[in-house]
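Note that the protein sequences, when read in sequence, are chains B and E.
Counted from 1, the first sequence has number 619 at position 138 by the working numbering; the numbering is strictly sequential.
Counted from 1, the second sequence has number 170 at position 168 by the working numbering; the numbering is strictly sequential.
Read through the structure below, which is laid out as structure tokens, and then see the notes.
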Amino acid sequence: MSTRLEDIQSVTALRHLSEDCQRSLAEVMVRRTFAPGEMIFIEGEQAMGIWFVLTGRVRILKLSTNGRSQALCIAHPGKCFGTCPLYSSENNPASAQALDVVNLLILPEDQTTALMQENPCLVKTLLYLYSERLGQLARLSECLATWTVAHRLNDCLLNYAVSDSPYPVVNLTHEKLAELAGTVREVASRHLEKLAEHGVVELHSGYLFLLQPNALQFQGFEVKHGGSK
Amino acid sequence: MAVPSDVLRGFCPSRSLSEESRRDVNAAAVSLNFRAGEVFFQQGDDFSPLYLVLTGHVKVFRQSGEKIQILAVMHSGGTFGAETLFAHTPCPITAQALTAGSAMMIPAEALMSLLERHPDFMMEFLELISQKLRQFTGLVHSLAFRDVPTRLAEVLLQQEWTETSSGITIPRILSQQDLAANVGTAREVIYRTLKKFEKDGLIQILPHEYVVLDAGRLVQLADKET
Numbered sequence: 482m483s484t485r486l487e488d489i490q491s492v493t494a495l496r497h498l499s500e501d502c503q504r505s506l507a508e509v510m511v512r513r514t515f516a517p518g519e520m521i522f523i524e525g526e527q528a529m530g531i532w533f534v535l536t537g538r539v540r541i542l543k544l545s546t547n548g549r550s551q552a553l554c555i556a557h558p559g560k561c562f563g564t565c566p567l568y569s570s571e572n573n574p575a576s577a578q579a580l581d582v583v584n585l586l587i588l589p590e591d592q593t594t595a596l597m598q599e600n601p602c603l604v605k606t607l608l609y610l611y612s613e614r615l616g617q618l619a620r621l622s623e624c625l626a627t628w629t630v631a632h633r634l635n636d637c638l639l640n641y642a643v644s645d646s647p648y649p650v651v652n653l654t655h656e657k658l659a660e661l662a663g664t665v666r667e668v669a670s671r672h673l674e675k676l677a678e679h680g681v682v683e684l685h686s687g688y689l690f691l692l693q694p695n696a697l698q699f700q701g702f703e704v705k706h707g708g709s710k
Numbered sequence: 003m004a005v006p007s008d009v010l011r012g013f014c015p016s017r018s019l020s021e022e023s024r025r026d027v028n029a030a031a032v033s034l035n036f037r038a039g040e041v042f043f044q045q046g047d048d049f050s051p052l053y054l055v056l057t058g059h060v061k062v063f064r065q066s067g068e069k070i071q072i073l074a075v076m077h078s079g080g081t082f083g084a085e086t087l088f089a090h091t092p093c094p095i096t097a098q099a100l101t102a103g104s105a106m107m108i109p110a111e112a113l114m115s116l117l118e119r120h121p122d123f124m125m126e127f128l129e130l131i132s133q134k135l136r137q138f139t140g141l142v143h144s145l146a147f148r149d150v151p152t153r154l155a156e157v158l159l160q161q162e163w164t165e166t167s168s169g170i171t172i173p174r175i176l177s178q179q180d181l182a183a184n185v186g187t188a189r190e191v192i193y194r195t196l197k198k199f200e201k202d203g204l205i206q207i208l209p210h211e212y213v214v215l216d217a218g219r220l221v222q223l224a225d226k227e228t
């Protein structure tokens, strides 16, 4: 029990809730661990509840009927994902996959409504997280429709970079970056190699350093790909 | 002003509000008329009120330089605004009237106060935001996986339509430029694709409306993934 309360307090979004509310959450939330690459849930299945990331990263993605995938976002520790079925059972609108070993807390679907009715502060927390995601999705829609591939890839590099010494690092493979930017691996690799040639990034297997993050904010490093998708 | 019960329903998807909450939501909602082209709020504004369309059509879009991406077109019963009220981040979208019409509006401050005072209304608002999340997730899917003819068929089918003696008609509220901004392509491509739809016997293009000649095939096309 005490471990679980600590788990809940370690999630940024839940940290400011009252201790009573955190205790109610600790009673019903379940801790789950997934291996890298493992699917946490699949689009179209009945939603199991709301998930919170304790450690590791989770990729939220859409799959097309012929196997292409488009990442919607990567959920980092402290963030939540999964749908919120309030009044009727909903199916998952997207799939979720573990990128690393991930530890998650799930608020089971059948407990959600009662818990939210008792704890308005929890609803407020979810509203905060959902509003934030709505803004991200609006931006992603615009980005997919109106930006060039190079612009989208540069944007992904800036969004997914984490501070590291001596340079910010992006811990994603070319394939994952391509999915986030809505393109294919070959195009992403070509663009990244071009950036490396100009000394903007330094490529390594599975990760890359941003040597000149500021250069990515200009559209100067565009590579002609002959098509925007 | 008294708000008709069906209007309240627009703000409250599950329609299960206490009498007290219902009264306060009614009291906070303001009715207004809008003109074609009127801007309700803009991307980057600090916050926006919550609107419910009663009559007319409103487009919500994102703009980057001269490029515009329409995220949704709202008809009677659709809500927009207050998307990021709780995240304390600027409005992610602009909302502009396509036609004249009328709406109900709850100002941002009044909305915050209602949500604080009425947990049951806060649950309804969470459901509204969840619906928008599902809608935007669907849009990303469509933009990522669907080609222009499929997206155009999808966008046409999302418009408000009426059934007349000549078949299903879709009023031409969206210009070809608007359709292009909705589908994510250029106006010329929309023009060519509409002409192809007409040639293939899917639709007939009239000055003020599209007549759907083969709804089955149009629906089939809208579901296709590339």
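Each residue gets a CB set at the ideal place from its N, CA and C atoms; glycine is no exception.
Since the model is a prediction, treat every value here as computed from it, not as a measurement.
Cβ-based neighbour list, N184 (chain E), same chain, cut-off 6 Å, excluding 5 preceding and 5 following: The beta carbon of N184 (chain E) sits closer than 6 Å to those of I72, V157, all from its chain and outside the five residues before and after it, given in chain order.
Other residues of its chain near A38 (chain E): CB distance less than 6 Å, five sequence neighbours each side excluded: A99, T101, A102
C-alpha gap between M482 (chain B) and A507 (chain B), whole angstroms: Residue placement at M482 (chain B) cannot be trusted, given a pLDDT of 41 that sits under 50; what the coordinates show is reported in the next sentence. Cα to Cα, the separation comes out at about 7 Å.
- request: May I have the straight-line CA-CA distance separating L141 (chain E) from A217 (chain E), to the nearest angstrom?
  value: 22 Å
message: Distance cutoff 8 Å, beta carbons only. Does E613 (chain B) sit that close to anything in chain D?
response: In the structure shown, chain D does not exist; the protein chains are B and E.
- prompt: Counting only beta-carbon atoms, is E623 (chain B) nearer than 8 Å to chain E?
  reply: Using a CB distance cut-off of 8 Å, E623 (chain B) counts as an interface residue toward chain E.
message: Let me confirm a value: M726 (chain B) is counted as buried when at least 16 other C-beta atoms fall within 10 Å, else exposed. Which label applies?
response: Because chain B is modelled from 482 through 710, residue 726 (chain B) falls outside the range shown and cannot be assessed.
- prompt: Does the beta carbon of Y609 (chain B) come closer than 8 Å to any beta carbon on chain E?
  reply: Closer than 8 Å to some Cβ of chain E, the Cβ of Y609 (chain B) qualifies, so yes.
- request: Closer than 8 Å by beta-carbon distance: list the chain B residues that pair up with G186 (chain E), in chain order.
  value: L625, A626, T627
task: With DSSP collapsed to three states, give me the class of Y688 (chain B).
output: Strand, per DSSP.
query: Less than 8 Å separating the beta-carbons of D581 (chain B) and L535 (chain B)?
result: no
- prompt: G663 (chain B) versus chain E: which residues are under 7 Å apart at the beta carbon?
  reply: A146
task: Look up P15 (chain E) in the DSSP assignment and say whether it is helix, strand or coil.
output: coil
task: Please list the residues of the segment 132-144 of chain E that have a C-beta atom closer than 8 Å to any C-beta atom in chain B, keeping them in chain order.
output: S132, K134, L135, R136, F138, T139, G140, L141, V142, H143
task: Using alpha carbons as the reference points, say which of E:S104, E:P15, E:I170 lies closest to L208 (chain E).
output: E:I170
task: For Q71 (chain E), go through chain B and note every residue whose CB falls closer than 8 Å to its CB, in chain order.
output: S622, E623, A626, T627
message: Tell me the DSSP secondary structure of M125 (chain E) in three-state form.
response: helix
- prompt: Quick one: does E85 (chain E) have its CB under 8 Å from some CB of chain B?
  reply: yes
task: Please confirm if L128 (chain E) has its CB atom under 8 Å from at least one CB of chain B.
output: With 8 Å as the cut-off, L128 (chain E) counts as an interface residue toward chain B.
query: Among E:T139, E:V214, E:G12, which has the Cα closest to the Cα of K543 (chain B)?
result: E:T139
query: How is the alpha helix (DSSP H) around S670 (chain B) delimited, first residue to last?
result: 666-678
message: Less than 8 Å between CB atoms is the rule here; does M520 (chain B) satisfy it with respect to chain E?
response: no
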